[in-house]
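Visitor:
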Amino acid sequence: MNWKEIISNMDTNTIAQDRKDVLQPVIDYVQNKVDDGKVPVLNYICTHNSRRSQLSQVWGYAAAAFYGIEIVSYSGGVEVTAFNERAVREVVDCGFEVSIKDPNGDNPIYEVRFDDHVAPLMMFSKVFDDKANSVRPFAAIMTCGHADENCPFIPDAEARLAVRYEDPKAFDDTDKEAEMYHVRSMQIAQEMKYVFSSIQKK
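Be aware that the sequence shown starts at 0, since it is given in numbering that gives the first Met the number 0, and climbs by one per residue.
So, in structure tokens, the structure goes:
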């Protein structure tokens with residue numbers, strides 16, 4: 000199954016109301032930008048820019064493309080580590096074409112391709128204000144509690160929106176590792192579908 004089939008087959012009606020309430024500020028931000036004829040810029044932020052923020056960047060961009068909504072989607076953290084290999088494997092398993100563009104030591108740069116009609120993403124671990132995240136201003140989507148609590152101020156963020164996810168890292172090196180990375184990935188994909196399916200285009 001490829002990423003378009005995954006998004007198409009997802010039922011957003013199963014999202015709990017409390018999560019819909021969490022996502023509503025993201026919908027409002029994107030809708031206001033679309034209404035103003037501007038391209039929404041979303042910066043998904045987690046401490047290490049390794050798992051949750053990277054998966055959110057991919058699925059946010061994919062869901063927007065699925066619904067024909069132009070966005071800029073990037074991610075960052077407060078520390079540099081690497082796009083975790085388990086999260087990379089989950090992206091591959093969801094039908095995205097992933098290749099290493101630059102081995103770059105312990106922090107390789109990956110190209111994530113969607114199809115011929117959607118530009119690829121260049122993905123690696125970086126701080127949220129890295130030069131690769133050059134489009135300003137943006138909405139800071141805080142995907143983990145630690146980053147949200149330890150980044151009291153984010154320059155150039157015109158909105159700060161908390162959309163927290165449980166960290167699949169808790170299951171690393173266990174027999175539930177692949178399952179829980181997929182569970183978290185599918186939650187993010189479903190919620191990003193809900194966000195972008197709610198946007199009214201001009």
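Ideal Cβ placement from N, Cα and C applies to all residues, glycine included.
From a predicted model like this one, the values you see are computed outputs, not experimental measurements.
How many angstroms separate the CA atom of ASN63 from the CA atom of THR173?
Guide: The residue you call residue 63 lines up with position 64 of the sequence shown. The residue you call residue 173 lines up with position 174 of the sequence shown. The question names Asn, but residue 63 is Ala in the sequence shown. About 33 Å.
Visitor: When you compare the CB positions of VAL90 and VAL57, do they come within less than 8 Å of one another, or not?
Guide: For the purposes of this step, residue 90 is taken as the residue at position 91 of the sequence shown. For the purposes of this step, residue 57 is taken as the residue at position 58 of the sequence shown. Contact: yes.
Visitor: Given that a residue counts as buried once 16 or more other Cβ atoms are within 10 Å of its Cβ, and exposed if not, what is GLU157?
Guide: Here residue 157 refers to the residue found at position 158 when the sequence shown is read from its first residue. The residue is exposed, with fewer than 16 neighbouring Cβ atoms inside 10 Å.
Visitor: Would you mind working out which of PHE152, ARG85, ILE99 and TYR66 sits nearest ASN183, comparing C-alpha positions?
Guide: Your numbering for residue 183 matches position 184 in the sequence shown. Note on identity: in this sequence residue 183 is Arg, with Asn being the wrong assignment. Measuring from the Cα of ARG183, the nearest candidate turns out to be ARG85.
Visitor: Can you give me the C-alpha to C-alpha distance between CYS45 and LYS201, rounded to a whole angstrom?
Guide: Numbered from 1 along the sequence shown, position 46 holds the residue referred to as residue 45. Numbered from 1 along the sequence shown, position 202 holds the residue referred to as residue 201. CYS45 and LYS201: Cα-Cα distance of roughly 32 Å.
Visitor: According to the neighbour-count rule (16 or more other Cβ atoms, all chains shown, within 10 Å of its Cβ), is PHE137 buried or exposed?
Guide: As a first step, residue 137 must be located in the sequence shown, where it is residue number 138. Looking at its Cβ environment, which holds 16 or more other Cβ atoms inside 10 Å, PHE137 is buried.
Visitor: Closer than 7 Å by C-beta to LEU22: which residues in its own chain qualify, once you throw out the five before and the five after it? Chain order, please.
Guide: For the purposes of this step, residue 22 is taken as residue 23 along the sequence shown, with counting starting at 1. Same-chain partners within the cutoff: VAL162, GLU190, TYR193 and VAL194.
Visitor: Below 7 Å CB to CB, which residues in the same chain sit around GLN53 once its five sequence neighbours on both sides are set aside?
Guide: Residue mapping note: residue 53 aligns to position 54 of the sequence shown, counting from 1. Taken in chain order, the residues that qualify are SER74, PHE82, ALA86 and MET122.
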